[in-house]
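In our numbering, the protein residues as written are 110 to 197. Working notes, beginning with the structure itself.
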Amino acid sequence: MARRRSGSRHDRVLVKSAWGSDDPTKAAFAFLHANAFAAAGQDVQVFLLGEAVSLMRNPVANAVVPVGWPPLADTLRATVGHGIRIHV
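Have a look at this one:
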């Protein structure tokens with residue numbers, strides 16, 4: 110098995126999610142995890158599919174409030190602030 114070199118420019122984290130506004134806490138996890146990876150210095154991207162795509166609409170993002178976490182709109186601002194690409 111080939112060994113990956115730590116710190117290689119090819120070391121990337123892809124976080125994917127299909128959770129939407131019907132489960133606010135699970136919907137936020139992709140962005141919360143991506144923010145944590147970025148804060149740790151990882152190259153990270155988020156890939157949304159299915160219901161999760163609707164989270165990119167401002168009215169939806171503003172209405173999603175996960176249990177025990179900041180509102181999704183705040184988390185998304187942090188995600189964008191980290192320069193994380195979000196694919197829909």
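Quick reminder that beta carbons are idealized off the backbone N, C-alpha and C, glycines included.
| Query | Result |
| --- | --- |
| What did DSSP end up calling serine 126 once you bin it into helix, strand or coil? | strand |
| Does the separation of the CB atoms of serine 126 and leucine 157 fall below 7 Å? | yes |
| Distance check for phenylalanine 138 and alanine 132, CA to CA, integer angstroms please. | Correcting the residue type first, residue 132 is aspartate in the shown sequence and not alanine. In a straight line, the C-alpha of aspartate 132 is about 10 Å away from that of phenylalanine 138. |
| Quick check on alanine 161: buried or exposed, where buried means 16 or more other Cβ atoms within 10 Å of its Cβ? | buried |
| Where does histidine 196 sit, in a helix, a strand or coil, going by DSSP? | strand |
| Sort out for me which residues DSSP pairs leucine 157 with in a bridge. | Ser126 |
| Whose C-beta lies closer than 7 Å to the C-beta of leucine 123 among residues of the same chain, with five residues either side of it excluded? | Gln154 and Phe156 |
| Looking at the structure shown, is arginine 166 part of a helix, part of a strand, or coil, going by DSSP? | coil |
| Going by DSSP in three states, aspartate 152 sits in which element: helix, strand or coil? | strand |
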